[in-house]
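Number of protein chains: 4
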Amino acid sequence: MSAASFLRRLFGRPRPGTDARVQHAVSLCEALLGERGETSGATLARDLLAAWQALDERQRGQFFDVLALEFSPDPEAVGKAADAYRDDPAPRNLIRLQELAEPARQELFRRLNMAPGGTAALVEMRRQVLRGLDEHPDWKPIDNDLLHLFRSWFNRGFLRMQRIDWRSAAIVLEKLIEYEAVHAIQGWPDLRRRLESDRRCFGFFHPQLPDEPLIFIEVALTQGMSAHVQPLLDVKAPMGDPARADCAIFYSITNCQQGLRGISFGNLLIKQVAEDLKREFPHLKTFATLSPIPGFRRWLDRTETRVKLAMGPEAEARLALLAQLDEPGWSSGEVSEALQKLLTRLCAWYLLHARRGEEPFDEVARFHLGNGAALERLNWFGDTSGAGMKRSAGMMVNYVYRLEDVERNHERYFAGHTVVASRAVEKLARKCVLSQLPEKAPEA
Amino acid sequence: MSAASFLRRLFGRPRPGTDARVQHAVSLCEALLGERGETSGATLARDLLAAWQALDERQRGQFFDVLALEFSPDPEAVGKAADAYRDDPAPRNLIRLQELAEPARQELFRRLNMAPGGTAALVEMRRQVLRGLDEHPDWKPIDNDLLHLFRSWFNRGFLRMQRIDWRSAAIVLEKLIEYEAVHAIQGWPDLRRRLESDRRCFGFFHPQLPDEPLIFIEVALTQGMSAHVQPLLDVKAPMGDPARADCAIFYSITNCQQGLRGISFGNLLIKQVAEDLKREFPHLKTFATLSPIPGFRRWLDRTETRVKLAMGPEAEARLALLAQLDEPGWSSGEVSEALQKLLTRLCAWYLLHARRGEEPFDEVARFHLGNGAALERLNWFGDTSGAGMKRSAGMMVNYVYRLEDVERNHERYFAGHTVVASRAVEKLARKCVLSQLPEKAPEA
Amino acid sequence: MSAASFLRRLFGRPRPGTDARVQHAVSLCEALLGERGETSGATLARDLLAAWQALDERQRGQFFDVLALEFSPDPEAVGKAADAYRDDPAPRNLIRLQELAEPARQELFRRLNMAPGGTAALVEMRRQVLRGLDEHPDWKPIDNDLLHLFRSWFNRGFLRMQRIDWRSAAIVLEKLIEYEAVHAIQGWPDLRRRLESDRRCFGFFHPQLPDEPLIFIEVALTQGMSAHVQPLLDVKAPMGDPARADCAIFYSITNCQQGLRGISFGNLLIKQVAEDLKREFPHLKTFATLSPIPGFRRWLDRTETRVKLAMGPEAEARLALLAQLDEPGWSSGEVSEALQKLLTRLCAWYLLHARRGEEPFDEVARFHLGNGAALERLNWFGDTSGAGMKRSAGMMVNYVYRLEDVERNHERYFAGHTVVASRAVEKLARKCVLSQLPEKAPEA
Amino acid sequence: MSAASFLRRLFGRPRPGTDARVQHAVSLCEALLGERGETSGATLARDLLAAWQALDERQRGQFFDVLALEFSPDPEAVGKAADAYRDDPAPRNLIRLQELAEPARQELFRRLNMAPGGTAALVEMRRQVLRGLDEHPDWKPIDNDLLHLFRSWFNRGFLRMQRIDWRSAAIVLEKLIEYEAVHAIQGWPDLRRRLESDRRCFGFFHPQLPDEPLIFIEVALTQGMSAHVQPLLDVKAPMGDPARADCAIFYSITNCQQGLRGISFGNLLIKQVAEDLKREFPHLKTFATLSPIPGFRRWLDRTETRVKLAMGPEAEARLALLAQLDEPGWSSGEVSEALQKLLTRLCAWYLLHARRGEEPFDEVARFHLGNGAALERLNWFGDTSGAGMKRSAGMMVNYVYRLEDVERNHERYFAGHTVVASRAVEKLARKCVLSQLPEKAPEA
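Which chain is which? The protein sequence lines are A, B, C and D, in order.
Under the numbering used here, the first residue of the first sequence is numbered 626, with each subsequent residue one higher.
Under the numbering used here, the first residue of the second sequence is numbered 626, with each subsequent residue one higher.
Under the numbering used here, the first residue of the third sequence is numbered 626, with each subsequent residue one higher.
Under the numbering used here, the first residue of the fourth sequence is numbered 626, with each subsequent residue one higher.
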């Protein structure tokens, strides 16, 4: 039985418990897949898109159920094709196997993509699949098929890097306000300040989603490497002179499309931005981030960590110091040098040694170290916002991108998850009490 | 054994009889596939592209041999995964099967596409694979993988229809001269005439190949449906007034990229052009082609056809008439009415009844009928050029696109390969001697 | 003595009471005018621009004094040239006269315009001249020369009409917020609503000032002719369907550049917008404004008007009614029908008969009637904002642009300042007490 | 009598001997000038443009006659205004004088410019006026008015420099072929070679004439300063590597619009091109022309020159050498060293000392020296084309633009028409027999 006849067997049959609208959408899927010419195909794709958009959330769930169940390969047919290929790995057997192993869903999505607005709708579809995945693990193949297509369609070759500034379209700029995930943008004046002449903002765009940044990065051109983020976020900050800057600080990077999760844009964006800035401003010497440390306090509060900290000499004093963090407003008055010293060293240790599996515990660290950056400096009270205090007791970190070291660091990271760090940070980590405990450091 | 370890087993081994340059290119393929980050990936893709472009034709053949042999799925591994899916069609088994069934080539090509110029290089690569396919049938899986990717990448959703006129870039215009396949363009003045205000030219473009039309169509805005192509091709033809035209004549359509063979653009282009013209010139009533009949004389010369024509009454006179076609310059003097009548009826019969398998014998007929056009009119001496005489004894045909019938015709065609034709053409075919022979018409 | 030597006589001499910076700027003017090649001209223009921009307001005044005094034609020389032309109006005498009659200022401004940013600086310069003109009537020739140049440079042929929408650059959009003069825009959400799909906004732009609208107009696509402006200004107004609109309401038009005062853009903009909208939405039947009546209450409060209103029968009751307008909040409660009737009729009379010289008293009326529009309808409480109540007791008016009547109306207006009005408005005016007074209506 | 009433007196009267079509065009001029609003103005401008374009050449002559005669200032009125200004140079008298001194033609042209295509039509109008000027000296004021407006409209501030390459629109490229005035372009392949990657072409464009270059320059990026132009013009010349070039050779510069004669673009273009190239290719060291010497042989054939050459020692041998130039094919065989030496020295003397008035005799020399370039090197047989032999016995010259010297050279040139030349050229000139004649060099 061919793949088509397998599908045909399933098509058109009643599906009890499925709304009429969903049945209609599914029958459009079947018709679209059954189309041989493109003429009616384009119309069908348009109709299907409209039908899908008219479904409410519950109905979309039903639709996903059908997609997951009925548009997968026929186990028998694909099994036989695999047997034939195992017997004789000839081209025709391979091609037959590929045909049968690819779910009809992929062809369905490719055809749906022909409708105007198709790409955006599919990205949105995956967003909804991903959101429901915990409850509906059987939707996983839908996610997988969409991801597979998106990897093709959002291939770096098809992306355009664009500078975003105050000349950009408002429809794009409002997306920045909506999407910014690291340091929320407080309306248009805040946005405008971040796009002035001493700043740069770049994004990747896809020709099919011209008004939608896929990812964007905000850069400040500064003299010296910034240690504190609040001055960068201050709407009234005095304008710097980009011609005199020696440092490009990447202070925010945001992936915009949840439906594109798993496709990595950040690395390529940072690299190209650094290259372009270097060309525009040859006197730039340092390319560095000013990054949050999102997992630090979470890690600090883990039982495992607490147990370790309760061991060894001066444990009591240590715990007493840390207990201050739980007091509201601990940071608004005088903070004892002892606490600062303790936290800084713990944070250095955390960034160098705390793990999740083999990789660093901290997700931002994983991202930049994986890109080939080096851990350069810890900044006490680098982010004194509520979010910053909550995430990391106000601490921030600079990762430095040295263009000449990036590839080597990147390879070392992927070879053994080596965390490349400055001597200063390494020294802080060594002085941390956790380094001095007799047994092996706890796996985070 | 995972797909990766299967590959690893193959990688790096010596390949006797393979040039060092090819070995180097293959090792770059391996490195590119082994890459986990994108940083060095982009560099590797660039290097691989350069390495591939430095290969001569013979070396490219060796490279294809390796690609076909070593970057296919592992038969054992994929067989086991298919077994597992046959036993239990659970999501995880499906996903595993898909992973293993997809050749590493596809991922390789996706990564190569990241390099600047990658898409163009891959299209060129497929062109060369296709050209060598008869001699190297084992390259078929490479063709298949590229076609699979191109179907995704050159999906209608990603194409842009652009008008091409005398304001277009010379780099695009020279491609028209180079590619035009139906009525050769005799240099820049000829091209310019075809882009004047009483003409239209449109093409599909892909964002990644901005200077390369994928397909283009030439249209004349005329009063009445053109029967002869030479006046349309005449560089000195007087300018028509588009505001007074009632007819849009599609007199040439050319697929430009051999490397994209098998991906159909023409149907969608014609449809969108017709819609756009209708909007710009609401008084247009007829959308029709003036098309060649490329297979007519070839079919006429087939033994099968000749045998039939030698039967029945007046066979001798008939064959004597047809023999005139073999005389050089038969058409330059007076042509007998008897010959004109005979050829016209044969041509009508040919277009309505001659088959290749279930489909019409004539490839241009297949294209337009499959698009939903109707066979409208035969034009004696419609194309008196050497090529026109050779293809079809000078005959041309108008296919009409009636926007309201296109879908229905298209469906009838694909349901039973019904050739929708005007009464006039049907009448000509009925009068043809082949319709009057006792037995069933010969399958062409 | 030639013009040049006349200037040379003046140049370089000390000017007591003039700041050094001004002296420097003036000497750059002299150098720029003395330049024969363009090479150093471009540099000098740049320097002069910078020197001018560095002057403070008082210094700019001094600079204008010098410009007005020293860069005018030499009275003796131009007098002689005029004598020669009077004696013999030969070409050479005409050309000589033109050379001498044109102030050196004009050539200076033309050369200054070569500097990047020159046009913008000159527009700004005129804005400042105009602002100081009351105090410094001797600056009038500077104004005159700039106006003369601007009429050439901002000729309709050089302007581009652009649609402004949410895809426009933020740098342009923020100008709308800044400049809007009729119904202030309350920030970005308000602006966004005014650019939605049931609205249109168009502006004229000059290639040299790409981020600066010269004028812009806001249009609502509605069903039926709007009588009240507040629903149009409501940020939360429900979205209309432009496909079902039969009416285009021009509810705001703003000239942006004070430095371009006296150059009329509005007429041409309205006409082109109406034509473009008619093409995009062929079902639009009515093109009308919803306009303020800025002079109504001012006219009502004039002594002349009051005197007339105090005459004739029922004068006391009338004045008592009008006295209500002076009470704060008179419109927030119940408004008596008598007052409404009185005001409406007075307003109709005002629009039809109140004059300033030969032209209508109301400046908005002058603009639209001069463009060829007709006075269509009065709208009670059309604008209940504070500004609207203050300007015109809340009344608004629709002027209708009937494309087929516009030229004739325009000519009638300029021939005899005829106010073309609907019967309804004419009837209201006839019923107005001022129409019934024995003597001739007071000249407003 | 006001200017308007003066015109009114002239308007509408019969003009014997004037065609009806011309009468109609003139009456449209009068109507357009009489227009107070812009509404009908735009329509009238359109009508006038069409009426003018429908005139044949003879009729245009009649039209110019009327324009010259009737649209000039009223001598009496302007005379009185000048008297008043002489008596009292007050602002109002100045403004009045300016109003009356400006011919109505200028306002007419400004209004005509509002019509679509108006600017192009006015440029064409001036071209025709200039062509007829010798026969019709009374048209001079029309020329003068148009030139005055064009100086404003084609002010450097409004021009855009654009790179022209193979991506440019064909409609622009064909203009290069049409206009190229120095080294004719032999069709599209020749053009294409001149736009390859080792060449650059730039032009100035005006927003109102987007498809019309005003001027363009062709540049070759070479290693070493080119001495011969034929290799640069060879369609099959091997491609150079721009990254390795140290020299930018300006080998052709063409003013395109005869109607813009008298407005200088070349200087600014060369300067901006040099700056842009320096930025793109920082390793460029020399910016030089390879220029024709259009007046050399013409000067050589002048009686004055011949008389001088017939004087002094060895006069006979000298004249015998020069007589060779009159023999056809003198340059195709061996050329004697004596002749080469003689011609080279004469040419150096010519470029340094031959004058027309105070300026150099050679027009190309006047242009580049006036721009601030220096005479660098003579090139024997630099241009062996027929035109090159005829102009200058095959000699060419390099003018060098040293960015740091340009302003000083320019000023020296305009101060005393000093010809800045290299020592080598000066030495050649000193050795020339004409330098050794006892009396003062003949004024050319």
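Here a beta-carbon is modelled for each residue, glycine too, at the ideal position from N, C-alpha and C.
Within-9 Å CB hit, residue i to chain C
i	result
residue 587 (chain D)	Examination of residue 587 (chain D) is not possible in this model, given that chain D is present from 626 through 1069 alone.
Limits of the unbroken beta strand (DSSP E) element including residue i
i	result
residue 777 (chain A)	Per DSSP, residue 777 (chain A) belongs to no beta strand (DSSP E); it is in the alpha helix (DSSP H), 765-778.
residue 754 (chain D)	Unbroken run through residue 754 (chain D) is the alpha helix (DSSP H), 743-757; no beta strand (DSSP E).
residue 912 (chain C)	911-914
Short CB-CB distance (under 9 Å) between residue i and chain A
i	result
residue 793 (chain C)	yes
residue 825 (chain C)	no
residue 973 (chain B)	no
residue 704 (chain B)	yes
Segment limits, alpha helix (DSSP H) that includes residue i
i	result
residue 786 (chain A)	Looking at the DSSP string, residue 786 (chain A) is not in any alpha helix (DSSP H); the run it does join, the beta strand (DSSP E), is 785-788.
residue 791 (chain B)	Careful: residue 791 (chain B) lies outside any alpha helix (DSSP H) and carries neither H nor E.
residue 806 (chain C)	From DSSP, residue 806 (chain C) is part of no alpha helix (DSSP H); its letter is neither H nor E.
residue 1026 (chain B)	First-last for residue 1026 (chain B): undefined, no H or E at that position.
residue 902 (chain B)	891-905
residue 924 (chain A)	921-925
Residues sharing a beta bridge with residue i, DSSP
i	result
residue 879 (chain A)	A:841
residue 981 (chain C)	C:984
residue 846 (chain C)	C:873
residue 1021 (chain A)	A:1004
residue 999 (chain B)	B:1025
For residue i, three-class secondary structure by DSSP
i	result
residue 825 (chain C)	strand
residue 1012 (chain C)	helix
residue 1035 (chain D)	helix
residue 734 (chain A)	helix
residue 830 (chain A)	strand
residue 1046 (chain B)	strand
residue 631 (chain D)	With a pLDDT of only 48 at residue 631 (chain D), under 50, the local geometry of the prediction cannot be trusted, and no value is derived from it.
residue 852 (chain C)	coil
residue 868 (chain D)	helix
residue 670 (chain D)	helix
Beta carbon proximity, residue i to chain D, threshold 9 Å
i	result
residue 769 (chain C)	yes
residue 697 (chain C)	yes
residue 645 (chain B)	no
Any C-beta of chain B under 9 Å from that of residue i
i	result
residue 788 (chain D)	no
Task: Residues from the region 726-752 of chain A in contact with chain F, defined by Cβ distance under 7 Å - done: Here the protein chains are A, B, C and D, and chain F is not one of them.
Open item on the list: At 4 residues or longer, what runs of the alpha helix (DSSP H) sit wholly inside the region 697-729 of chain B?
Closed with: Listed in chain order, they are 700-712 and 716-726.
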